[in-house]
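Since the structure comes first, as structure tokens, the remarks are kept for the end.
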Amino acid sequence: PKCPLPGHKWKGVIHNPNVTWLAYWIDNINGDYKYVWLASSSKFKGISDFLKYEKSRALKKIIGSIRADYGKKLNAVRKDKGEERKTRELATATWMIDVLALRVGNEKDTDKEADTVGCCSLRTEHLKFIDDERKIHFHFLGKDSMVYDQVVKIDNEDVYRNLKFFHNNPKKAANGKKSIFRIDPSELNEHLRGYMEGLSAKVFRTYNASITLQREFQRLDDQVEESTSVPEKEVYYNRCNRTVAELCNHQRSIPKKHAEQMEKLKNKLQDYEDKLEAMEDHISELEGSKKKKKAKKKKKKSKDKDKEYKFSKNLDVLEGQKSKLKQTIDRALSRIQLKDENKQVALGTSKINYMDPRITVAWCKRKNMPIERVFNASLLSKFPWAMEVPSNWSY
14 PKCPLPGHKW KGVIHNPNVT WLAYWIDNIN GDYKYVWLAS SSKFKGISDF
64 LKYEKSRALK KIIGSIRADY GKKLNAVRKD KGEERKTREL ATATWMIDVL
114 ALRVGNEKDT DKEADTVGCC SLRTEHLKFI DDERKIHFHF LGKDSMVYDQ
164 VVKIDNEDVY RNLKFFHNNP KKAANGKKSI FRIDPSELNE HLRGYMEGLS
214 AKVFRTYNAS ITLQREFQRL DDQVEESTSV PEKEVYYNRC NRTVAELCNH
264 QRSIPKKHAE QMEKLKNKLQ DYEDKLEAME DHISELEGSK KKKKAKKKKK
314 KSKDKDKEYK FSKNLDVLEG QKSKLKQTID RALSRIQLKD ENKQVALGTS
364 KINYMDPRIT VAWCKRKNMP IERVFNASLL SKFPWAMEVP SNWSY
């Protein structure tokens, strides 16, 4: 097609049925490739998302045999010591991708990019061993320069022994850096594809995120009934979501205005509680049953506690207003609780990329929870194919 901009022309026209971008160019500042993608709500993206989650469900069917295989190879013995180490490294790296949800870790030029690290690029300074407890302290920059800082109890003795051996016998690079693994990302990716076509670290992360969400729903199922208030259901859902986000190390920095926003929310809650107390006193007066109350511990009062409220004199109207005000207080409490609990966790990434949306939709149907409370408009348009699953659907 002719370029619509006068004085310009296309660099080329490409037919490639294996990609979903529409156009690309090379950034004139840092030389990176930039792409124009289809909208997340497009049919092609929807099919791509559906197939991604179906692939993770295919992994679920063989995950037991994969774990049995790398479990045996963790202490493999070979005549060739180099081959023995490679076998053990591949098995250990697969364990780390499966259990710790690490990425493969491709090599990069740290002079131009942040020194972010994955499984194959872990160095000796990123691990500290706590022998008496069989724990390892991992500390490194993950994707998007988010710090992975966790002390992990290594239940598998072979994994702990292997990592300590690799740590003490590292691969030494010309720049003086000491890598834990001698295998490279291409070897690890090829090893993963040997288990299943198209298997990658991302498929493992998608599977583990999805299965973790479903198991969290099952584990805490008795805490939520259909009759439970919507704000309480939202708190419950976000706690399950947070477990997945923590597994995948989806962190964020505490927002600069977090403390200020929390103070505003608490002040608003106090205003609601003051109004409820005044309304209850007014109802008691109308009923003629207000009595002198015993001295009780004073609560903190808002600045506007002494302001006058104008209430109806109709008891039926007042009872309805009181019920609505209590719901408002419940929502305010939930909002404060969620905001504080999730101040350092990014819940959205796992919703968008890793948790099968059908798990959430089925749970919402079972618990009579409005899907709009957990999926925003963007996610609803991204996952229309997930909305028709029945309430008993299982990942």
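Numbering (the working numbering), first residue to last: 14 to 408.
Glycine included, every Cβ here is placed at the ideal spot set by N, Cα and C.
Every value quoted in this text rests on a predicted model; they were computed, and no experiment measured them.
Quick one: give me the first and last residue of the alpha helix (DSSP H) that Ile79 is part of. DSSP places Ile79 in the uninterrupted alpha helix (DSSP H) bounded by Lys56 to Lys86.
Going by DSSP in three states, Arg255 sits in which element: helix, strand or coil? Three-state result, Arg255: helix.
Three-state secondary structure (DSSP) of Lys395: In the structure shown, Lys395 sits in a helix (DSSP, three-state: H, G or I).
Can you tell me where the beta strand (DSSP E) with His150 in it begins and where it stops? That run of the beta strand (DSSP E) goes Lys148 to Leu154.
In this structure, how does DSSP classify Ser192 when only helix, strand and coil are distinguished? Three-state result, Ser192: strand.
State the start and end residues of the unbroken alpha helix (DSSP H) segment that holds Gln274. Note, Gln274: alpha helix (DSSP H), His271 to Glu300.
When burial is assigned at 16 or more other CB atoms within 10 Å of the CB, is His263 buried or exposed? His263 counts as buried, since at least 16 other C-beta atoms from the protein chains shown sit within 10 angstroms of its C-beta.
Excluding the 5 residues preceding and the 5 following Tyr208 in the sequence, name in chain order all residues of the same chain whose CB lies nearer than 6 Å to its CB. Sequence-distant partners of Tyr208 (beyond 5 residues in either direction) whose C-beta falls short of 6 Å from its own C-beta, in its chain, are Ile79.
Leaving out five residues before and five after Arg348 in sequence, what residues of the same chain have Cβ atoms less than 7 Å from its Cβ? Taking Arg348 as the centre and dropping the five residues before and after it, the same chain places the C-beta of Leu278 closer than 7 Å to its C-beta, in chain order.
Considering only residues of the same chain and omitting the five flanking positions on each side of Leu360, which have a CB-CB separation below 6 Å? Same-chain partners within the cutoff: Asn254 and Ala258.
Relative to the C-alpha of Ile143, which candidate in Val130, Pro183, Gly189 and Val165 has its C-alpha closest? For the residues Val130, Pro183, Gly189 and Val165, the minimum Cα distance to Ile143 belongs to Val165.
Would Met109 count as contacting chain D if we go by Cβ distances under 8 Å? Of the chains in the structure shown, none is chain D; there is only one protein chain.
Ordered along the chain, which non-local residues of its own chain (more than five positions away) have a Cβ less than 8 Å from that of Val248? Around Val248: Ser347, Gln350 and Leu351.
Starting from Tyr46, follow its DSSP beta bridges and name the residues at the other end. BP columns for Tyr46 point to Ile39.
For Arg91 and Leu212, what's the separation of their Cα atoms in angstroms? Distance between Arg91 and Leu212, taken at the CA atoms: about 26 Å.
Ser69 and Thr256 closer than 8 Å at C-beta: Cβ atoms of Ser69 and Thr256: not closer than 8 Å.
Beta-carbon separation of Lys246 and Met382 under 8 Å? Met382 sits close to Lys246, with the two beta carbons spaced by under 8 Å.
I'd like to check one pair, Tyr83 with Ala104: are the Cβ atoms closer than 8 Å? Contact flag set, yes.
Can you pull the DSSP bridge partners for Lys166? According to DSSP, Lys166 bridges with Lys148.
Bridge partner(s) assigned by DSSP for Tyr161: As DSSP reads the structure, Tyr161 sits in a beta bridge with Phe153.
Is DSSP giving Lys185 helix, strand or coil here? If DSSP states are grouped into helix, strand and coil, Lys185 belongs with the strands.
Rank Lys185, Cys261 and Gln283 by C-alpha distance to the C-alpha of Ala214 and give the top, closest one. In terms of Cα proximity to Ala214, the closest of Lys185, Cys261 and Gln283 is Cys261.
Whole runs of the alpha helix (DSSP H) within the region 369-393, excluding any shorter than 4 residues: Those alpha helix (DSSP H) runs which fall completely within the region 369-393 and span 4+ residues are 370-379.
Thinking just about the alpha-carbon of each residue, which of Lys339, Gln340, Ser407 and Glu290 is nearest to the one in Asp369? Ranked by Cα distance from Asp369, the first of Lys339, Gln340, Ser407 and Glu290 is Ser407.
Buried or exposed: where does Pro244 fall if 16 or more other Cβ atoms within 10 Å of its Cβ makes it buried? Answer is buried; the Cβ neighbour count reaches 16.
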